[in-house]
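Each remark here refers to the structure printed beneath this line.
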Amino acid sequence: MAIDVNTSSGSVRGQTLHVLNRSIHQFLNIPYAEPPLGPLRFAPPLPLRAPKQLKDMSENIPMSEDCLVLNIWTPNVGNSSDSKLKGKGSLKPVMFSIHIGGLKSGSIFRDFYNGSVLATNHVVVVSANYRVGPLGFLYGADETAPGNAGLYDQLLALKWVRKNIHSFGGNGDQMTIFGNSAGSWSVSAHILSPLSKGLFRRAIMQSGSVAFNRDRPVVSAAEALQKAKQLARRLNCAQNDDKWLDCLRAIEDPKLFVERSVNKSALVWQWPVFGTQFLPVLPNKALKTQSFNSDIEVMAGATKDEGKALSYRRIPEMKSKLTAQLFRKAVRDLSGEYHNIDVDKVCAHYLNGVHTSNSSQLKSALSALYGDLEFTCPTYRFAKRLATNGQRTKLSALIKGCANSDVCHAAELDLTYGQPLRFPKLYTKTEYDFSIDVMKMWTNFAKNGKAHELWPQLCDKSGIHVKDLNPNDMSLILDNPYESTCDVYSLIY
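Take 304 as the starting number for the sequence shown in my numbering and just add one per residue.
Laid out in structure tokens, this is it:
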């Protein structure tokens, strides 16, 4: 059944789905910004100048640079028409999802971002596309290319949701932003950004924060500008000409930027730029000086095997027979990217008890190192600093898997979006039940900040407490499981 809703983007048409014996209304491809094309390439997005004509929003769209759209799943749209008159009592909390992809790739149209099952938990689910790779994170050192365009996209999408979500039965004053990996980096960036103040009430960070180094960004503004000009040279735009940005904007095929972004020398596109209007100061300084959005509640977490799969894609040595010498070389290379790693201390920690003639054991150690360096420890340190600043902060560890022993990076996404309930034949009964539990915790947090009755605050007078998300025993609490490992990176965090 088709259903129409009036928004600032125009009248949008969705369809009613029957999900787990409930009606969920789905709206796809709602534009929230002007197409970021031509002179708007690399620039912060502009709100739509005029409403669009009514269109059927029920189908996915092909990959395009004109990508600034959002999807909504709501159980409540039929009750929202007079919500402003009735007050906000009938409106549902909103969960705003930010997708994964290392800020280099990704889309809200990947199937596991279907929010229909999550919305059956009496929340409105929103996901928004944002620009990635050079198109989203090229830094040109001027107002037309200030860097972090992808984060500005997310910001404008949040503002659109605040303005329009009541028409879909959602309460814009009860907004929770959540994401995994690059989505979690983005969530932490919005916690830090003065531009995002007041747009959300709660935040869920799963496996990542932008707090990679306390003394410097992974990529400085000067380095980001240098890399942008290198890209211009590769694409035959003279980098010494003050028109180099105009030249890049004139390139008709956006796939040229996508193809360049997978080159290792272009990894700069993976990192936000600090010292900018969006991120004026480094995370450590922002947290020390209370220069962040402190009026929110935060839930964060990591999985047991964060680096298990991604290390093979990011570390060349993982693809060959690993030796102790190659292990050390890999750590030195990581130090060159993340800066100031104590190579001796890190190697000693991860090689403790490892037979250095055993390539398999070395690879296990290196994948654990990579997962801790890029995901677990930045998440833990960021959450701990929030907690010690008086933030209501909770931390979880997804330690035990269901069908297999590995709990890899992004393993909780299937559980969060209810994939076992959508496709029960592909999952075990334990996974099915665990997904129900995880969705309940995430949505309870969005509703009232209380994910689970046995989930303590991260820090109190008795120590540091981390909730073990275990499908077999939801009562388990871990005492300070990350400190000793993350301490080996004390020179950077």
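Think of the CB as a built atom: it goes at the ideal place given N, C-alpha and C, for glycine as much as any other residue. The structure presented is a predicted model; accordingly, all values stated were derived computationally and were not measured.
DSSP-derived helix/strand/coil call for residue i
i: H768; result: strand
i: P334; result: strand
i: R505; result: strand
i: E526; result: helix
i: M777; result: coil
i: W758; result: coil
i: E600; result: strand
i: Q664; result: helix
i: W376; result: strand
i: R617; result: helix
i: S410; result: coil
i: Y442; result: strand
i: S430; result: strand
i: R344; result: coil
i: P557; result: coil
i: N467; result: helix
i: M366; result: coil
i: K753; result: coil
i: N474; result: strand
i: N747; result: helix
i: V322; result: strand
Beta-carbon proximity of residue i to residue j, cut-off 9 Å
i: P378; j: T423; result: yes
i: D456; j: L548; result: no
i: F595; j: I494; result: yes
i: Y653; j: A671; result: yes
i: V322; j: M742; result: no
i: E609; j: D675; result: yes
i: L351; j: P339; result: no
i: S484; j: G405; result: yes
i: G511; j: P681; result: yes
i: P801; j: F560; result: Only positions 304 to 796 of the chain appear in the structure, and residue 801 is not among them; the question remains open.
i: W463; j: S662; result: no
i: A527; j: G450; result: yes
i: A336; j: L349; result: yes
Member of the options whose CA lies at the smallest distance from the CA of residue i
i: K666; options: K687, P619 and R635; result: P619
i: R434; options: P557, K530, V513 and L551; result: P557
i: F737; options: T746, L498 and L772; result: L772
i: I644; options: N692, S699, G511 and L794; result: L794
i: D300; options: D598, T579 and E337; result: Residue 300 lies beyond the residue range present for the chain, which begins at 304 and ends at 796; the question has no answer from this structure.
i: R325; options: R316, L349 and W376; result: W376
i: S660; options: D636, F630 and K648; result: F630
i: S491; options: F345, M478 and A686; result: A686
i: Q318; options: Y615, Q329, G752 and P347; result: Q329
i: D776; options: N783, L757 and K622; result: L757
i: Y792; options: A514, K750, V315 and L729; result: A514
i: S597; options: D518, V397, V646 and R688; result: R688
i: P575; options: T592, E786 and N516; result: N516
i: P396; options: C789, V380 and G766; result: V380
i: N309; options: F399, N467, N374 and D369; result: N467
i: G486; options: R617, G766, G604 and D763; result: G604
Span separating the alpha-carbon of residue i from that of residue j
i: V769; j: G409; result: 30 Å
i: L331; j: Y416; result: 12 Å
i: Y683; j: Q509; result: 10 Å
i: N432; j: A460; result: 9 Å
i: A569; j: K530; result: Since pLDDT at A569 reaches only 43, below the 50 mark, its modelled position is unreliable, and the value read off the structure follows with that caveat. If you take the alpha carbons of A569 and K530, they lie about 7 Å apart.
i: V426; j: L394; result: 9 Å
i: A589; j: K732; result: 45 Å
i: K500; j: K624; result: 49 Å
i: A506; j: M602; result: 6 Å
i: K407; j: G436; result: 4 Å
i: G472; j: D307; result: 13 Å
i: E715; j: E677; result: 17 Å
i: L761; j: R695; result: 8 Å
i: S778; j: C540; result: 59 Å
i: L458; j: Q573; result: 18 Å
i: L262; j: V429; result: Any answer about residue 262 is impossible in this case: the structure gives the chain only from 304 up to 796.
i: D518; j: S314; result: 48 Å
i: R635; j: Q477; result: 45 Å
i: P583; j: N474; result: 30 Å
i: R465; j: L498; result: 14 Å
Burial state of residue i, where buried means 16 or more other Cβ atoms lie within 10 Å
i: H658; result: exposed
i: V565; result: In this predicted model, V565 has a pLDDT of only 44, less than 50, meaning its place in the structure is not dependable enough to derive any value.
i: I780; result: exposed
i: E555; result: exposed
i: M366; result: exposed
i: M744; result: buried
i: A305; result: exposed
i: D544; result: exposed
i: P347; result: buried
i: F440; result: buried
i: V646; result: exposed
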